[in-house]
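Visitor: Those letters in the sequence shown? Residues -19 to -1, 1 to 499, per mature numbering (1 follows the signal peptide of the UniProt record, and there is no 0), in order.
My questions will all concern the structure given below.
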Amino acid sequence: MRRTAKRALAALATGAAGAAIVIALPLHQASAAAVGTADGYASSNGGTTGGNGGSTVRATTGTQIHQALCGRASSSTPITIEVSGTINHGNTTKVSGNSCNTAADKIELKEISNVTIIGVGSGAVFDQLGIHIRDSSNIIIQNVTVRNVKKSGSPTSNGGDAIGMESTVRNVWVDHVTLEASGGESEGYDGLFDMKDNTQYVTLSYSILRNSGRGGLIGSSESDTSNGFVTFHHNRYENIDSRTPLLRGGIAHIYNNYYYQLHESGINSRAGARAKVENNYFEDSKDVLGTFYTDAAGYWQVAGNVLDNVTWSSPGSDNKPAGPNLTSTTSVSVPYSYRLDGGSCTPDVVRQTAGANTGIRTSTGSCSTTGPQPTTPNPTTPNPTTPNPTTPPPTTPSGTNLSLSGGADGSSKASGTSYGNVKDGSLSTYWSPSSATGSISIKWSAATTVGRINIRESSGGGSISAYRVLNADTGAVLKTGSGSGVISFTATSLKKVTFEITGAGAAPRIAEFETYAS
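Below is the structure:
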């Protein structure tokens, strides 16, 4: 549902000791809760409404999030916490109170209920800081990014899980979030989305999970089978080694997800788990469904899935891939209605809807999308710690964005940025050169005709005063100019095209480098 009441923000005051104090507005002044309504298994067991009906406060630090929880009349008093800016270890401390149980090294949602955390404005980023849900119920997390949470090295948080749930958790809806790491277990990271020790009635929808060794699990061991009733739909899994997800017991419904570059295995159904897997799209991946690394079998019902360049390993005693010819081994019924897109159009739908700061758009169930634009702070209540809103994207050329099927490289990059961010379909990530000038390229294994590019910038970077577009195969200059947006030139067959920034006041931030045939 969209918000119809006027937004009523929390007052952020400063106490004598310098700590921010969150003051909730009266209930009758509160705005509504999350955008949309929980679906999938999160709509069962009484439904998931989060902080709907309660007060709304604003937070720009982790400490303020904890203060909002601790300032409620009780641990079940509904509350919506609107978050903007970057939440990290430096601004997240433990707060005490009768209605909370918090910790300094994570966002702790422990022994509470009826809470919504939603990113607003130019976005909310939980940087190296995980979200921990324990002994809690009726929780909504929407429109946030959680990145680079570690279980080893420094700093550590939440056992290395971006979002982790454990110990009698019920009814959680995680929607339009971006969860990402920068490596696997050897680099200090664990799962992006984990559920264990009696966690049930959860939905993960319209989200991006990427650049991690482990996508997530349901059940921490073969004996931890009290979890289940989880729905995964319209999510994008990219550059993941395994666990998309790993299921140990329980029931999962997995539909209309886009899987790209799963390196070792994908949906791993084990220890009696039953998964309904339908109309997903698997691309450039290995062993996307089956029972792996155990002889404790799991089961699946399959329909409408698309396999695009998927490879399969040979069966063995602890390795039972479901392919190459997918066949159902069980039957699973779900207690809710849902809108099912065709498998072949799933990548396009997911690219338009998944992740934080994408407008909280959703599928219509007919291979098209609809929904509101991104939520923004009340303009009458400026927040000096919040970055400027992302620059509105320019008009996108028609046709297929060829970058999505290519690779990326470039000159030296600024810390925390990645070449691949310019071709991930998300405006919430970016590449930035290590200085005011530099170059970023899109490349393919075979010659590709390109006649138009679209450079989409993120806010906070320097403006581009001069650029060159190059045919990197020959060094030929295809176009020169200034600024960003749609750039047209004579269509050229090439394997690599380069956008070279030759002048800027400060390092620009390139969110997307789109390429088109014409």
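Each residue gets a CB set at the ideal place from its N, CA and C atoms; glycine is no exception.
Which of helix, strand or coil does DSSP assign to tyrosine 280?
Guide: Looking at tyrosine 280 - three-state DSSP - the assignment turns out to be strand.
Visitor: For threonine 345, which residues in the same chain have their Cβ closer than 6 angstroms to its Cβ, ignoring the five residues on either side in sequence?
Guide: For threonine 345, where only same-chain residues beyond five positions count, the Cβ hits under 6 angstroms are Thr351.
Visitor: Taking DSSP as the reference, what is the three-state secondary structure of isoleucine 341?
Guide: Coil, per DSSP.
Visitor: Cβ atoms of isoleucine 341 and asparagine 33: under 8 angstroms apart, would you say?
Guide: In this structure, isoleucine 341 does not lie closer than 8 angstroms to asparagine 33 by Cβ.
Visitor: From the beta carbon of alanine 284, is the nearest beta carbon of chain D less than 8 angstroms away?
Guide: Absent here is chain D; the protein component of the structure consists of one chain.
Visitor: Determine which residues share a DSSP beta bridge with proline 302 and list them.
Guide: According to DSSP, proline 302 bridges with Gly271.
Visitor: So isoleucine 60 and glycine 35 are in contact, right, with Cβ under 8 angstroms, and what is the actual spacing, rounded?
Guide: Yes, they are in contact, since the Cβ atoms of isoleucine 60 and glycine 35 sit about 5 angstroms apart, within 8 angstroms.
Visitor: Less than 8 angstroms between the CB atoms is what I'm expecting for leucine 228 and glycine 279, so what's the real figure, rounded?
Guide: Their Cβ separation, rounded to whole angstroms, is 6 angstroms, which keeps leucine 228 and glycine 279 in contact under 8 angstroms.
Visitor: Does the contact criterion of 3 or more C-beta pairs under 8 angstroms hold for the stretch 298 to 316 versus the stretch 268 to 288?
Guide: The stretch 298 to 316, when compared against the stretch 268 to 288, does touch it at the 8 angstroms Cβ threshold.
Visitor: What residue does the beta strand (DSSP E) around glycine 104 start on, and which one ends it?
Guide: Here the beta strand (DSSP E) through glycine 104 covers 94 to 108.
Visitor: Measure the alpha-carbon distance for histidine 9 versus threonine 18 and round it to whole angstroms.
Guide: Below a pLDDT of 50, predicted positions are generally treated as unreliable, and histidine 9, at 30, falls in that range; the measurement from the model is reported next regardless. For histidine 9 and threonine 18, the distance between alpha carbons rounds to 21 angstroms.
Visitor: Less than 8 angstroms between the beta carbons of isoleucine 421 and alanine 389, yes or no?
Guide: The answer is yes: Cβ separation under 8 angstroms.
Visitor: Quick check: the Cα distance between tyrosine 236 and threonine 184, rounded to an integer number of angstroms?
Guide: Roughly 12 angstroms separates the two Cα atoms.
Visitor: Would you report the Cα separation of isoleucine 248 and serine 223, rounded to the nearest angstrom?
Guide: Approximately 8 angstroms, taken between the alpha carbons.
Visitor: Looking only at its chain, what residues have a beta carbon closer than 8 angstroms to the beta carbon of aspartate 86, apart from the 5 residues adjacent to it on each side?
Guide: Cβ neighbours of aspartate 86 beyond the five flanking positions: His70, Thr73, Leu110, Pro136, Thr137, Ser138 and Asn139.
Visitor: Provide the residue span of the alpha helix (DSSP H) that contains alanine 254, from first to last.
Guide: Counting along the chain, alanine 254 falls outside any alpha helix (DSSP H), and DSSP gives it neither H nor E.
Visitor: Thinking C-alpha only, which one of His113, Tyr411, Ser393 and Ser318 is nearest threonine 212?
Guide: The shortest Cα separation from threonine 212 among His113, Tyr411, Ser393 and Ser318 belongs to Ser318.
Visitor: From alanine 256 to alanine 49, what distance separates their C-alpha atoms?
Guide: Approximately 38 angstroms between the Cα atoms of the pair.
Visitor: Could you tell me whether the Cβ atoms of glycine 231 and phenylalanine 210 are closer together than 8 angstroms?
Guide: Yes, these two residues count as a Cβ contact at 8 angstroms.
Visitor: Can you give the Cα-Cα distance for serine 56 and glycine 78, rounded to whole angstroms?
Guide: In a straight line, the C-alpha of serine 56 is about 10 angstroms away from that of glycine 78.
Visitor: Which residues bound the beta strand (DSSP E) around valine 330?
Guide: Looking at the DSSP string, valine 330 is not in any beta strand (DSSP E); the run it does join, the alpha helix (DSSP H), is 327 to 334.
Visitor: What does the alpha-carbon distance come out to for the pair asparagine 179 and leucine 383?
Guide: Their backbone Cα atoms lie some 44 angstroms apart in a straight line.
Visitor: Please state whether the Cβ-Cβ distance between threonine 418 and threonine 483 is less than 8 angstroms.
Guide: Yes, the Cβ-Cβ distance between threonine 418 and threonine 483 is below 8 angstroms.
Visitor: Got a sec, what are the start and stop residues for the beta strand (DSSP E) alanine 457 sits in?
Guide: Note, alanine 457: beta strand (DSSP E), 457 to 462.
Visitor: Would you identify the three-state DSSP class for glycine 324, choosing helix, strand or coil?
Guide: Of the three classes helix, strand and coil, the one that applies to glycine 324 here is helix, per DSSP.
Visitor: Let me confirm a value: proline 365 is counted as buried when at least 16 other C-beta atoms fall within 10 Å, else exposed. Which label applies?
Guide: Confidence in proline 365 is poor, its pLDDT being 33 and thus under 50, which makes the residue's placement unreliable; the coordinate value appears in the next sentence. Exposed, since its Cβ has fewer than 16 Cβ neighbours within 10 Å.
Visitor: Can you give me the Cβ contacts of isoleucine 221 inside the same chain, cut-off strictly under 6 angstroms, excluding the 5 residues immediately before and after it?
Guide: So the list reads Ser193, Gly196 and Leu243, once near-sequence residues are dropped.
Visitor: If you measure between the beta carbons of asparagine 290 and glutamate 264, is that distance less than 8 angstroms?
Guide: Cβ distance < 8 angstroms, so asparagine 290 and glutamate 264 count as in contact.
Visitor: Which same chain residues, not among the five before or five after alanine 492, have their C-beta less than 8 angstroms away from its C-beta?
Guide: Here the set comprises Thr371, Asn402, Val403, Ser407, Leu408, Ser409, Thr410, Tyr411, Arg437, Glu438 and Ser439.
Visitor: Does DSSP put lysine 131 in a helix, a strand or coil?
Guide: Here lysine 131 sits in strand by DSSP.
Visitor: Spatial neighbours of serine 465 within its chain, please: CB distance less than 6 angstroms, with the 5 preceding and 5 following residues excluded, ordered by chain position.
Guide: Counting only Cβ-Cβ distances below 6 angstroms, and skipping sequence neighbours, we find Ile436, Glu438 and Ile445.
Visitor: Assuming serine 392 and proline 489 are in contact, meaning their beta carbons sit under 8 angstroms apart, how far apart are those beta carbons, in whole angstroms?
Guide: Not really, about 12 angstroms apart at Cβ, beyond 8 angstroms.
Visitor: Comparing alpha-carbon positions, which option in Pro378, Ser294, Val467 and Thr455 lies nearest tyrosine 448?
Guide: Answer by Cα proximity: Val467.
Visitor: Determine the closest residue to leucine 475 out of Asn216, Ala485, Asp454 and His234, with distance taken between C-alpha atoms.
Guide: Here the closest residue by C-alpha is Asp454.
Visitor: In terms of residues, what are the limits of the alpha helix (DSSP H) holding histidine 47?
Guide: Start and end: 43 to 51.
Visitor: Look at the alpha carbon of threonine 357 and the alpha carbon of glycine 442, and state the distance between them as a whole number of angstroms.
Guide: The pLDDT assigned to threonine 357 is 38, lower than 50, so where the model puts this residue is not dependable; a value taken from the coordinates is nonetheless given after this. Between threonine 357 and glycine 442, the C-alpha separation is close to 20 angstroms.
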